[in-house]
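In my numbering, the protein residues as written are 4 to 359.
Don't be surprised by glycine CBs; every beta carbon is placed ideally from N, CA and C.
The next block holds one structure in the form of structure tokens; read it before the comments.
Pasting the structure below:
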């Protein structure tokens, strides 16, 4: 089918739940889908239902049905948050449709899982990935993990790094108070426990922290965060805002002085890239793909889970305005090296073209 100057190619893009969910993974899906449309793809979004990666049987059955109504031969992309726990459906789909798996990070690397849960997820995702003809990942780190731990051949993997928008305006504080920003869903993997414990040792310094991120994904984690803030007497210094609109999030980035997030693992870490684009020095960890995103001159990265090291990094940047300014310049320079969303989608499209 021809539309204007493009040959329109059809694609089903299956996501677990609401595509508008305010997390980095869903943001990636939204931007790739939008850009693919500009590249001549007609993308039909398929909602697989809620509750992944622990869906009930009714959701599993419904997801299978929604995938199987895709016309035979049409390319199908399934977000790994769902595909990883649907190995039988993946095999069934791959028998009639070219299948591409999109993996943001391996499901078994979420924090807070029991050994049995992690092993179950690892085995399930390995089987599901074996059914996919092509796999797109968001970082070289995840590509290596899928090769070493999940048996995915390198020739079937495409790295489509998330895009970055042009540098934004910023307004740094002038009152001596250092405004810290942390962005991420409140789940154990994001390491908010480490961040709060580290800040509890810095009561002598002038700082305020704003935490922005979905508090509904893991109610226990949200409660533990609130309890930690109260236990350390930091309620007057820390604001936890939950999910906000993109416009509001842009405002928080623009008004911050430092970005801080103590993730235990990131398959990419879109919030870190957003921080760079806003000229924010980054305090983070060296876990997963974070060092791929944050240049060493733009941030301080320490071992995941090390409260003392994280506190030292915070103290260093909060105390030294000159260092913050130098790292802010480096952050913008680093952001300029990241791909645009159009470039990311072009890479994604090349993986789609490989599907037989």
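Item: Distance, Cα to Cα, residue 107 vs residue 271?; Value: 7 Å
Item: Nearest CA to the CA of residue 129: which residue from 156, 141, 114, 143?; Value: 156
Item: Buried or exposed: which applies to residue 100, given that a residue is buried once 16 or more other Cβ atoms fall within 10 Å of its Cβ?; Value: buried
Item: Give the C-beta separation of residue 193 and residue 266 to the nearest angstrom, bearing in mind that I take them to be a contact with Cβ-Cβ under 8 Å.; Value: 6 Å
Item: Do you know how far the Cα of residue 27 is from the Cα of residue 240?; Value: 26 Å
Item: Residues bridged to residue 321 by DSSP?; Value: None; residue 321 has no bridge partner.
Item: In three-state terms, what does DSSP make of residue 62?; Value: helix
Item: So, are the CB atoms of residue 252 and residue 189 less than 8 Å apart?; Value: no
Item: Please list, in chain order, all residues of the same chain as residue 21 whose beta carbon is under 6 Å from its beta carbon, the five residues on each side excluded.; Value: none
Item: Do the CB positions of residue 286 and residue 244 come within less than 8 Å of each other?; Value: no
Item: Following the continuous beta strand (DSSP E) through residue 287, name the residue where it begins and the one where it ends.; Value: 285 to 288
Item: Short of 6 Å in beta carbon distance, which residues of its chain neighbour residue 210, apart from the five on each side in sequence? Order them along the chain.; Value: 181, 183, 321
Item: Specify the secondary structure class of residue 98 as computed by DSSP and reduced to three states.; Value: coil
Item: Can you look up residue 145 in the DSSP assignment and give me helix, strand or coil?; Value: helix
Item: Given a cut-off of 8 Å on the beta-carbon distance, is the pair residue 105 and residue 139 in contact?; Value: yes
Item: First and last residue of the alpha helix (DSSP H) that includes residue 345?; Value: 344 to 356
Item: In the DSSP output, which residue or residues are listed as bridge partners for residue 15?; Value: 47, 79
Item: Which partner residues does residue 242 have in the DSSP bridge list?; Value: 213
Item: What number of angstroms, rounded off, separates the C-alpha of residue 195 from the C-alpha of residue 306?; Value: 14 Å
Item: Could you check if residue 282 is buried or exposed, using at least 16 other CB atoms within 10 Å of its CB as the buried criterion?; Value: buried
Item: Rounded to whole angstroms, what is the Cα-Cα separation between residue 124 and residue 24?; Value: 22 Å
Item: With a threshold of 8 Å, are at least 3 pairs of Cβ atoms found where one atom belongs to the segment 285 to 300 and the other to the segment 134 to 151?; Value: yes
Item: Who are the near neighbours of residue 301 in its chain, counting only those whose CB is closer than 7 Å to its CB and skipping five residues on each side?; Value: 279, 284, 285, 330, 333, 334, 337
Item: Alpha carbon to alpha carbon, how far is residue 212 from residue 298?; Value: 23 Å
Item: Expressed to the nearest angstrom, what Euclidean distance is found between the alpha-carbon atoms of residue 62 and residue 206?; Value: 47 Å
Item: Decide if residue 169 is buried, meaning its Cβ has at least 16 other Cβ atoms within 10 Å, or exposed.; Value: exposed
Item: Does DSSP put residue 179 in a helix, a strand or coil?; Value: coil
Item: What is the residue span of the beta strand (DSSP E) that residue 197 lies within?; Value: Unbroken run through residue 197 is the alpha helix (DSSP H), 195 to 202; no beta strand (DSSP E).
Item: Which partner residues of residue 160 appear in the DSSP bridge assignment?; Value: 138
Item: First and last residue of the beta strand (DSSP E) that includes residue 263?; Value: 261 to 263
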